[in-house]
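Numbering (my numbering), first residue to last: 979 to 1072. We put the beta carbon where it would ideally sit given N, CA and C, even for glycine. A short worksheet on the structure shown next.
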């Protein structure tokens, strides 16, 4: 079996936001279409201000800035985006 592609979703998952469910669904649809396993995890924005945030972000193959602001920590979201931009990490935002 292929090694899963790991995607970190920057944002504060809210089960009431349809766009958050659509984000999860889109990754699963892409995985099925490409016949490739995908694992995704939501990374709460306050955690992006913690000292271990870089290590957490480095554990993902790519990052996705989720829709649905306001975020619990706008500064945390900016830190996550900065991480991706400064390192040329695969990144998408919706």
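- Excluding its 5 nearest sequence neighbours in each direction, residue 1015 has C-beta neighbours in its own chain below 8 Å: 979, 980, 981, 982, 983 and 1009, listed in chain order.
- By the neighbour-count criterion, in which a residue is buried when 16 or more other Cβ atoms sit within 10 angstroms of its Cβ, residue 997 is exposed.
- Residues 1023 of the same chain have their beta carbon placed closer than 8 Å to that of residue 1052, with the five preceding and five following residues left out of the count.
- In the DSSP secondary-structure assignment, residue 1070 is bridged to 1042.
- Here residue 1019 is bridged, per DSSP, to 986.
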